Amino acid sequence: MFIRLLLIKKKRCKRKVRIQVKRPEKLVSMTLQRLFDSCQQVFKGPGTVPSPSDVQRLCHILDVMRPEDVGLSKDLQFFQPNSVVVEGNPRVTYATIYECHNFSLCILFLPETAVIPLHNHPGMTVFSKLLLGTMNIKSYDWADPLNSDNHDSPSKLKLARLKANRSFTAPCDTSVLFPTSGGNIHEFTAVTPCAVLDVLGPPYSKDDGRDCSYYSDTSFGSSSNKEEFPKVEDDGHCYGWLEEIEMPQESEMDGIPYGGPQIDESIS
């Protein structure tokens with residue numbers, strides 16, 4: 001296999017998931033190359049959102065992508081339920097396939113029970129393709145997007161509309177979120193070991209004002225300050241109160257080199 005995931009025994013008998021990458025001499029995935037070429041054309045830079053036809057174009061490519069297109073296999077020990085025992089909060093690992101000013105391609109590896117806490121994607125359009133495993137995705141959009149960044153609010157709580165809260169099992173369709181819709185604030189919880197291919201346009205950049213913020217959520221109706229917010233009509237939607245928090249410890253990730261099929265930039 002091109003990417004092998006191993007258990008390494010550490011000091012004090014603590015175990016940590018580590019991914020060992022073996023780079024092939026030459027390997028090309030036409031589907032991955034097609035995705036890269038399309039991203040080069042679709043993402044125009046910060047402040048822009050892909051057109052509906054371009055969103056559909058990328059989804060058509062991602063929907064048919066297989067683990068083998070990025071050098072993975074469901075037969076790897078890492079992806080067998082209960083095969084990896086980790087003490088404490090399992091850490092998420094990521095491998096960057098490609099990154100530029102306009103977009104990035106990366107793979108997230110989540111051990112069983114691992115969580116990527118509730119976080120946002122400011123000014124970004126994000127395509128997430130679950131390649132392996134079963135994952136629960138919970139996502140929100142601000143009920144009032146125009147005032148979501150109002151730091152002068154009398155309360156730290158802000159009302160958000162629940163977009164999704166359910167489990168997905170690979171293979172499944174690609175999920176897409178936009179700067180102000182589609183579940184821009186979301187949380188991943190690995191029901192089984194998972195691999196997710198993420199396409200971000202543009203990528204996170206603290207220097208450009210696209211830093212990641214984290215949130216805790218409380219079900220609607222449990223806040224004593226709800227009178228300070230606009231009245232919520234009975235529109236059939238579920239709501240929650242979100243409060244920005246410091247970066248949770250479990251949000252820290254370990255980066256590794258990408259060792260799967262390569263991208264040829266010269267033909268773009």
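Residue numbers (UniProt numbering): 1 to 268.
Quick reminder that beta carbons are idealized off the backbone N, C-alpha and C, glycines included.
Note that the structure is predicted; figures quoted are calculated from it, not measured.
Contact check for Val-115 against Leu-177 fails: the beta carbons are separated by 8 Å or more.
In this structure Lys-44 is in contact with Asn-102, their Cβ atoms being roughly 7 Å apart against a cut-off of 8 Å. Non-local beta-carbon contacts of Gln-33 in its own chain, meaning distances under 7 Å to residues more than five positions away in sequence, involve Ile-263, Asp-264 in chain order.
In the structure shown, Ile-61 adopts helical secondary structure according to DSSP, grouped into three states. The beta strand (DSSP E) runs lying completely inside the region 140-203 and spanning 3 residues or more are 157-169, 175-177, 185-190, 194-201, given in chain order.
For the options Gly-255, Ile-256, Leu-242, the alpha carbon positioned closest to that of Pro-117 is the one of Leu-242.
One thing to note: Met-65 has its Cβ within 8 Å of the Cβ of Leu-197. Taking Leu-131 as reference, the option from Pro-171, Ile-97, Ser-104 with the minimal CA-CA separation is Pro-171. In the structure shown, Pro-117 adopts extended strand secondary structure according to DSSP, grouped into three states. Within its own chain, the residues whose Cβ lies closer than 8 Å to the Cβ of His-237, once the five positions on either side in sequence are excluded, are Arg-161, Leu-162, listed in chain order. The beta carbons of Tyr-215 and Ile-245 sit about 6 Å from each other, so the pair counts as a contact at 8 Å.
Proximity to Pro-46 across Gly-260, Phe-168, Asp-207 peaks at Asp-207, based on C-alpha coordinates. The residue from Leu-200, Glu-99, Asp-144, Ser-128 with its alpha-carbon nearest to that of Thr-169 is Ser-128.
Going by DSSP, Met-253 is part of the beta strand (DSSP E) stretching over 253-256. Shortest Cα-Cα distance from Asn-184 to any of Leu-110, Ser-213, Val-92, Gly-88 involves Ser-213.
Under DSSP, the beta-bridge partners assigned to Leu-108 are Tyr-94, Val-196. With a beta-carbon spacing of about 6 Å, Asp-141 and Ser-181 fall inside the 8 Å limit used to define contacts.
For Thr-218, the number of other beta carbons within 10 angstroms of its own is below 16, and it is reported as exposed. Beta-bridge pairing by DSSP links Thr-134 to Thr-169. Straight through space, the alpha carbons of Ala-164 and Gly-240 are spaced by roughly 12 Å.
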